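Only one structure is covered here, and it is reproduced in the block below.
Number of protein chains: 2
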Amino acid sequence: MTAGGAASAIGGTAAVVRRPGGRSARIRAQVLEAVRELLVEQGFDALSVDAVAERAAVHRTTVYRRWRDVGGLLADVLDAAGDDGWQPPDTGTLEGDLTAVNGEVEVGLTGEPVTAALIAASFRSTQAAEALRRFWDERYERCAVVVERALARGEVPEGTCARRVVVAATAPVYQQVLLLRGGADPTLARQAAAGVALAASQGLFVVGEGPG
Amino acid sequence: MTAGGAASAIGGTAAVVRRPGGRSARIRAQVLEAVRELLVEQGFDALSVDAVAERAAVHRTTVYRRWRDVGGLLADVLDAAGDDGWQPPDTGTLEGDLTAVNGEVEVGLTGEPVTAALIAASFRSTQAAEALRRFWDERYERCAVVVERALARGEVPEGTCARRVVVAATAPVYQQVLLLRGGADPTLARQAAAGVALAASQGLFVVGEGPG
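Protein sequence lines, in the order shown, are assigned to chains B and R. So that you can map any letter, position 117 of the first sequence is 535 in this note's numbering, and since no number is skipped, the others follow by simple counting. So that you can map any letter, position 80 of the second sequence is 498 in this note's numbering, and since no number is skipped, the others follow by simple counting.
Okay, here's the thing in structure tokens:
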């Protein structure tokens, strides 16, 4: 299942799957799947171009030529994950949308081991870290629509920073699952989303505003 | 500087410093300082009992006997960091307290390289991950007082979950600095704190409540 929560679906294979045909696309699909499998099964230290080539049953010079090294492989896994058709849910309210996004993020982080493994790998490889940041930036941009819809409905004031709204709503789920390693906490996910929706409706995420 | 933000001060040396005298305390201080230095300068991969012993100018059998391995060394660095007198600021309002905590977390994460390095190391060592979790749990418990004071002032209703309030308020700072590697964003830190304070005042962090 390719749950596509903001920043959660980095295990998704949609990108490679939906490009039909082509030997090149097939090789890419095999190689990226091998990277994901090895990362989950054996961790970052076991990743090498040779190990990936062997697992993918692809000639190693092909892998070296196209991806160069482990950083290149990880970056492409992340780029491929972002290359899907995911859109945030449209529930009719900002609170509903952010709550639904948080639910997807939580499912992605707890249910797809490759997600946490890729984020862990971002601490080992600069290329992976940059690709992860690109992935998240792009997801935050897609999520901006939930704030734009809220603005159109008059739920939040002009000038509300969509990115900060989405980061503030989703961050507690990452903290709980990824950094605290505390497992899913659906109450936290829901309360954090509702809290940010309320705060945004009161103008607390207007750019240049804010207390203090 | 030993900035003691919730979960930020993991570079602090207060614990070892304030135990006066004693050869054992002195050795511990030297060894833990060596771990922090090596971690920042050369990263996790360069850490070994031998390298730490050499840097600390302590006999390696002493280090092996007391800390056993790199995991034991990292865990003790984290345990020592938590063993300080840090208390959350008391500004008179929940919003002020959470904003001040977020400021300290941001300073800790951006200003003390060992903090981010220890969090990165938690993805390499189970013992470090467990110690980091202990450290955070203990900081969250100390921060509970900001919610208790808010309750006493009538700012938040009975049943408000202090831990979730603190996690929700601080998580965006970790997301921004550590996972997005986006550097400090004081506006986000302030808005997230103010948003959670407002949401808590409206009862959104009451246990068993919450929308959805």
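The beta carbon of each residue, even a glycine, is placed where N, CA and C say it ideally should be. From a predicted model like this one, the values you see are computed outputs, not experimental measurements.
Euclidean distance between Cα positions of residue i and residue j
i: L550 (chain B); j: Y592 (chain B); result: 14 Å
i: L456 (chain B); j: R552 (chain B); result: 23 Å
i: G601 (chain R); j: T528 (chain R); result: 7 Å
i: L597 (chain B); j: E459 (chain R); result: 23 Å
i: T517 (chain B); j: H477 (chain B); result: 45 Å
i: S466 (chain B); j: S466 (chain R); result: 23 Å
i: P575 (chain B); j: A615 (chain B); result: 12 Å
i: Q609 (chain R); j: A618 (chain R); result: 14 Å
i: D515 (chain B); j: G440 (chain R); result: 58 Å
i: V532 (chain B); j: D497 (chain B); result: 14 Å
i: L414 (chain R); j: A475 (chain B); result: Because residue 414 (chain R) is not part of the residues shown, which for chain R are 419 to 630, the question remains open.
i: G510 (chain B); j: D463 (chain B); result: 45 Å
i: I445 (chain R); j: G526 (chain B); result: 45 Å
i: A589 (chain R); j: R542 (chain B); result: 22 Å
i: A611 (chain R); j: E513 (chain R); result: 6 Å
i: A580 (chain R); j: A580 (chain B); result: 27 Å
i: P507 (chain R); j: G489 (chain B); result: 42 Å
i: V519 (chain B); j: G503 (chain R); result: 39 Å
i: G621 (chain R); j: T479 (chain R); result: 56 Å
i: E573 (chain B); j: A534 (chain R); result: 37 Å
i: G613 (chain R); j: A538 (chain R); result: 28 Å
i: G461 (chain B); j: R571 (chain R); result: 50 Å
Chain-order list of residues whose beta-carbon lies under 7 Å from that of residue i (same chain, five-residue window excluded)
i: D494 (chain B); result: L450, W485
i: Q505 (chain R); result: R560
i: D487 (chain R); result: V467
i: V470 (chain B); result: V449, A452, V453, L456, V481, L491
i: R473 (chain R); result: A452, E455, L456
i: A547 (chain R); result: S540
i: T578 (chain B); result: V565, L569, A618, F623, V624
i: E556 (chain R); result: G500
i: Q594 (chain R); result: G600, D603, L606
i: Q545 (chain B); result: G489, G490, L492, A493
i: R483 (chain B); result: none
Coil, strand or helix - residue i by DSSP
i: V624 (chain B); result: strand
i: T511 (chain B); result: coil
i: L598 (chain B); result: coil
i: L516 (chain R); result: helix
i: P531 (chain R); result: helix
i: L465 (chain B); result: coil
i: A475 (chain B); result: coil
i: G526 (chain B); result: helix
i: G521 (chain R); result: helix
i: V470 (chain R); result: helix
Run of the alpha helix (DSSP H) containing residue i, from where it starts to where it stops
i: P604 (chain B); result: 604-619
i: C561 (chain R); result: 544-570
i: P506 (chain B); result: P506 (chain B) -> no alpha helix (DSSP H), and no H or E assigned at all.
i: P590 (chain R); result: 580-592
i: L496 (chain R); result: 488-500
i: S442 (chain R); result: 441-460
i: V481 (chain B); result: 478-485
8 Å Cβ shell around residue i - same chain, five flanking residues per side excluded
i: P604 (chain B); result: G521, E524
6 Å Cβ shell around residue i - same chain, five flanking residues per side excluded
i: Y558 (chain B); result: R581, V584
The stretch 552-569 of chain R / the stretch 577-584 of chain R touching (three or more Cβ pairs under 8 Å): yes
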